[in-house]
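According to this note's numbering, the sequence shown is numbered sequentially starting from 2.
The beta-carbon is built from N, C-alpha and C at its ideal position, and this holds for glycine as well.
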Amino acid sequence: MTNKISESDIVKAIGEDIPSLLREKLNGMDLTYEELSKEENNDVLHEILNFLFKEDDHIIRAGEHRINDWNKGWGENAKEFSEHKHYNSLIPKYFGKHPYIRWNKNIIKPCNKNMEYNMVEILQYWVFDKFLKDCDNIYEFGCGTGHNLFRAREVNPTAKITGLDWSTSSQESINQINNILGLDFGSHRFDFFNVDKEFKLGQKSGIYTFAALEQINNRYHDFINYLIDNNADICLHIEPIGEYLDDNNIYDFLSKKYFEKRNYLKGFKNCLYNLEREGKIEIVYEKSSFIGSMFINGYSLVAWRKR
Ligand SMILES: C[S@@+](CC[C@H](N)C(=O)[O-])C[C@H]1O[C@@H](n2cnc3c(N)ncnc32)[C@H](O)[C@@H]1O
């Protein structure tokens, strides 16, 4: 059966009214989808289980050894962008790769392959408006090609916006964006594994990570301390955070198995809770992921600030 995610469905999933910019954007998105038949649902579950429980050697684990892969991937995007000079070249190739996505803790089949990316855009327009609208400085750590920075710019037209990543292809990509489109994004090399304490955050700063801390398992302590030391005004993490998922939901449960197999982010919520208990930070917002790819509900949100 064909269905469509409506504005009111999104308001309901988010749990509050949405900003007018997002409302406008929804008009240009095709959010129609097919509900899965029982057989199709079984096939998808079978594919996920097969990925998770066959021999582990096919699974690419996150970690330090992957630097060249990221350099290569973002280098390819940057090359394509320099040729076509089109925003779409900046979108990571993993969006729209599978015929299924997640919505409201279920699996659905989008009619349009852009829908997976559209759902990410929806989430970002909402979160950025909620937390970054009034910042003077915005930083995305682990920003990849820099494609998310455009939405931060739309929501906040005056802030200085900087993208950071350990991959030098990321800085190359951002430099090209600036040269080709006449934008003024900052770029800086930053490695979560070797935090550059010399890089200081500006006044009224908002920082976010989007599917980036996922890559570092439990090696986020130096980065969190860096953010505390730099008095970041608001820190947002939109990441695969297993502790926000519901073990009683089969799709959430399998997401958590996937996080483990891929060596994704681990113990992050507990770390923030401990810091809150110690009086160092205040957690201001938490939300379980309501969108995702075929394999994971990967976009839970936690926001915190220094106390
Ligand atoms: C899944 S991608 C997400 C990129 C971007 N946030 C986006 O939404 O397109 C993960 C990103 O984390 C970056 N990354 C992985 N390990 C890192 C590290 N140790 N320090 C900084 N960035 C890292 C990768 O280079 C890549 O850009």
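> What residue from Leu302, Gly268, His87, Phe296 has the CA that sits closest to Lys98's CA?
Replying inline: Translated into the one-based positions of the sequence shown, residue 98 becomes position 97. Taking only the C-alpha atoms, the option nearest Lys98 is Phe296.
Separation of Glu41 from Phe191, as counted between CA atoms: By one-based count along the sequence shown, residue 191 stands at place 190. By one-based count along the sequence shown, residue 41 stands at place 40. Distance between the alpha carbons of Phe191 and Glu41: 43 Å.
Quick check: what's the CA-CA separation for Gln177 versus Asp44? Position 176 of the sequence shown holds residue 177. Position 43 of the sequence shown holds residue 44. Each residue's CA atom was taken as its position, placing Gln177 and Asp44 some 42 Å apart.
- Task: Compute the minimum distance between the beta carbon of Ser168 and the heavy atoms of ligand 1, and state whether it is under 7 Å.
- Result: Within the sequence shown, residue 168 is the residue found at index 167, counting from 1. Result yes, Cβ under 7 Å from ligand 1.
| Taking the Cβ atom as the reference point for each residue, do Phe291 and Lys106 lie within a distance shorter than 8 Å? | The residue you call residue 291 lines up with position 290 of the sequence shown. The residue you call residue 106 lines up with position 105 of the sequence shown. Yes. Within cutoff.
- request: Confirm, please, whether the CB-CB distance from Ser256 to Asp234 is below 8 Å.
  value: Residue 234 sits at position 233 when you count from the first residue of the sequence shown. Residue 256 sits at position 255 when you count from the first residue of the sequence shown. No.
Work out the CA separation of Ala14 and Tyr101 for me, nearest whole Å. By one-based count along the sequence shown, residue 101 stands at place 100. By one-based count along the sequence shown, residue 14 stands at place 13. Their Cα atoms are separated by approximately 19 Å.
| Sorry if obvious, but does the Cβ on Asn51 come closer than 7 Å to a heavy atom of ligand 1? | Counting from 1 along the sequence shown, the entry for residue 51 is found at position 50. False, no ligand heavy atom lies under 7 Å from that Cβ.
Worksheet item: How about Glu240 and Ser301: do their beta carbons lie closer than 8 Å?
Response: Reading the sequence shown from its first residue, position 239 is the one you call residue 240. Reading the sequence shown from its first residue, position 300 is the one you call residue 301. At the C-beta level, Glu240 and Ser301 come within 8 Å of one another.
Short of 8 Å in beta carbon distance, which residues of its chain neighbour His148, apart from the five on each side in sequence? Order them along the chain.
Here residue 148 refers to the residue found at position 147 when the sequence shown is read from its first residue. Counting only Cβ-Cβ distances below 8 Å, and skipping sequence neighbours, we find Tyr88, Leu91, Ile92, Pro93.
| Looking at the unbroken beta strand (DSSP E) that takes in Gly299, where does it start and where does it end? | Along the sequence shown, one-based indexing puts residue 299 at 298. That residue, Gly299, is in no beta strand (DSSP E); it is neither H nor E in DSSP.
Self-check item: Continuous alpha helix (DSSP H) stretch holding Asn4: start and end
Solution: Translated into positions along the sequence shown, residue 4 becomes position 3. Segment 3-5 is the beta strand (DSSP E) holding Asn4; no alpha helix (DSSP H) there.
Give me whichever residues DSSP pairs with Pro111 in a beta bridge. Indexing the sequence shown from 1 puts residue 111 at position 110. Answer by DSSP bridge pairing, in chain order: Tyr34.
Exercise. If you draw a straight line from the C-alpha of Tyr140 to the C-alpha of Tyr126, how long is it?
Worked result: For this step, residue 140 is matched to residue 139 along the sequence shown. For this step, residue 126 is matched to residue 125 along the sequence shown. Distance between the alpha carbons of Tyr140 and Tyr126 is about 16 Å.
Enclosing beta strand (DSSP E) for Phe211 [first to last residue]: Counting from 1 along the sequence shown, the entry for residue 211 is found at position 210. Counting along the chain, the beta strand (DSSP E) containing Phe211 begins and ends at 206-211.
> In three-state terms, what does DSSP make of Thr146?
Replying inline: Stepping through the sequence shown from its first residue, residue 146 is reached at position 145. Residue state, collapsed to three classes: coil.
**Asked** Taking the alpha carbon of Gly299 as the point to measure from, which residue in Ile181, Ile60, Ala213, Ile19 has its own alpha carbon closest?
**Response** Start at 1 with the first residue of the sequence shown, and residue 299 comes out as number 298. Nearest of Ile181, Ile60, Ala213, Ile19 to Gly299, Cα basis: Ala213.
| message | Can you tell me which residues form a DSSP beta bridge with Leu165? | response | Taking the sequence shown and counting its residues from 1, the one referred to as residue 165 is at position 164. Paired residues: Phe142, His189.
(Q) Please report the straight-line C-alpha distance between His66 and Thr146, rounded to a whole angstrom. (A) Here residue 66 refers to the residue found at position 65 when the sequence shown is read from its first residue. Here residue 146 refers to the residue found at position 145 when the sequence shown is read from its first residue. The C-alpha of His66 lies about 20 Å from the C-alpha of Thr146.
Worksheet entry | Assigned exposure category for Asn119 - 16 Cβ within 10 Å defines buried | The residue given as residue 119 occupies position 118 in the sequence shown. With 16 or more other CB atoms across the displayed protein chains lying within 10 angstroms of its CB, Asn119 is buried.
Margin query: For Cys236, report the span of its beta strand (DSSP E) as first-last.
Written below: Reading the sequence shown from its first residue, position 235 is the one you call residue 236. From DSSP, the beta strand (DSSP E) with Cys236 extends over 235-240.
>> Bridge partners for Asn195 per DSSP, in chain order?
In response: Here residue 195 refers to the residue found at position 194 when the sequence shown is read from its first residue. By DSSP's assignment, Asn195 forms a beta bridge with Asp192.
In terms of alpha-carbon separation, which member of Glu122, Ser168, Lys258 lies closest to Gly74?
Counting from 1 along the sequence shown, the entry for residue 74 is found at position 73. Checking every option, the nearest Cα to that of Gly74 belongs to Ser168.
At a cut-off of 7 Å, would you count Cys144 as near ligand 1, judging by its Cβ distance to the nearest heavy atom? Within the sequence shown, numbered from 1, the residue matching residue 144 stands at position 143. Yes; taking the cut-off as 7 Å, the Cβ of Cys144 has a heavy atom of ligand 1 nearer than that.
Worksheet item: Can you find a heavy atom of ligand 1 that lies under 7 Å from the Cβ of Phe186?
Response: Numbered from 1 along the sequence shown, position 185 holds the residue referred to as residue 186. Annotation for Phe186 indicates a beta carbon at 7 Å or more from all heavy atoms of ligand 1.
Going by the DSSP bridge assignment, what does Tyr286 pair with across the sheet?
If you number the sequence shown from 1, residue 286 lands on position 285. According to DSSP, which records beta bridges pairwise, Tyr286 is partnered with Ala304.
- Item | Given 8 Å, three or more beta-carbon pairs between the segment 249-263 and the segment 194-209 | Taking a cut-off of 8 Å on C-beta distances, the segment 249-263 does not touch the segment 194-209, as fewer than three cross pairs fall below it.
Exercise. Sort out for me which residues DSSP pairs Trp104 with in a bridge.
Key: Here residue 104 refers to the residue found at position 103 of the sequence shown. BP columns for Trp104 point to Asn107, Ile292.
Could you spell out where the alpha helix (DSSP H) holding Tyr227 opens and where it closes? For this step, residue 227 is matched to residue 226 along the sequence shown. Tyr227 -> alpha helix (DSSP H) spans 222-230.
(Q) If I measure Cβ to Cβ from Glu36 and keep anything under 7 Å in the same chain, skipping five residues before and after, which residues do I get? (A) By 1-based counting over the sequence shown, the position of residue 36 is 35. Met2, Asn4, Ile109.
Original post:
How about Trp71: is its Cβ closer than 7 Å to a heavy atom in ligand 1?
Top reply: Your numbering for residue 71 matches position 70 in the sequence shown. Trp71: yes, Cβ under 7 Å from ligand 1.
Please report the straight-line C-alpha distance between Ile181 and Ile175, rounded to a whole angstrom.
One-based indexing of the sequence shown puts residue 181 at position 180. One-based indexing of the sequence shown puts residue 175 at position 174. If I take the Cα positions, the gap works out to 10 Å.
Is His99 near ligand 1, going by C-beta to nearest heavy atom under 7 Å? Here residue 99 corresponds to residue number 98 of the sequence shown, with the count starting at 1. It does not: the Cβ of His99 is nowhere closer than 7 Å to a heavy atom of ligand 1.
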